[in-house]
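Written below as structure tokens is the structure these notes are about.
In my numbering, the protein residues as written are 12 to 191.
Listed below in structure tokens is the structure:
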């Protein structure tokens, strides 16, 4: 029974360590680039409003596939686009062709009315990939704050020191038992 607890404890510790490393990489890469971290053409975005509920909840993270000027989107696609300085993720409810260029009418699933302005293709950042992790956005928002980023560097350091002390004490105890 002790062996099972020991193994499960190591597995849980390993998972926590991997998650912490991923968060550290995410925070450091976003700080270094000055923008959103991009992995293989995908970006992770934090959902800050309830306009798309129940598709995804406030505080979730979503993955979007980055688009380019040649990307085309269709009715019912969920896109992330720039509206001034803000990024918005809404569903396309209508595609209209003007001078050979598509314009997208969008609406949040939880909103009563469509968005005021049509979205031009140059303002589309990317398309939602149906990948969502609920409530993880709260963690990422905290991790990207100054205090959160500091804690992401300090906590693993403390854990590393404690693990080293624990290993040294355990080795000293084993040596004492062998010498007795």
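The beta carbon of each residue, even a glycine, is placed where N, CA and C say it ideally should be. Since we're looking at a predicted model, the values are computed, not measured.
- Under DSSP, residue 116 forms a beta bridge with 105.
- In the DSSP assignment, residue 56 falls within the beta strand (DSSP E) that extends over 53-57.
- Taking the C-beta atoms as reference points, residue 166 is found no nearer than 9 Å to residue 137.
- Assigned with DSSP and collapsed to three states, residue 128 falls in coil, not helix or strand.
- The alpha carbon of residue 83 has as its nearest neighbour, out of 68, 115, 53, the alpha carbon of 115.
- Burial of residue 67 is indicated by the presence of at least 16 other C-beta atoms within 10 angstroms of its C-beta.
- Considering only 135, 64, 102, the residue with the shortest C-alpha distance to residue 96 is 135.
- In the pairwise beta carbon analysis, the stretch 98-107 is classified as touching the stretch 53-71: at least three pairs are separated by under 8 Å.
- Per DSSP, residue 36 has no beta bridge partner at all.
- Taking the Cα positions, residue 130 is about 11 Å away from residue 102.
- Residue pairing by DSSP puts residue 139 in a beta bridge opposite 75.
- Under the DSSP assignment, residue 157 falls in the alpha helix (DSSP H) whose first and last residues are 157-190.
- Contact annotation: residue 72 and residue 139 have beta-carbon atoms that are not nearer than 9 Å.
- Rounded to whole angstroms, residue 88 and residue 149 show a C-alpha spacing of 25 Å.
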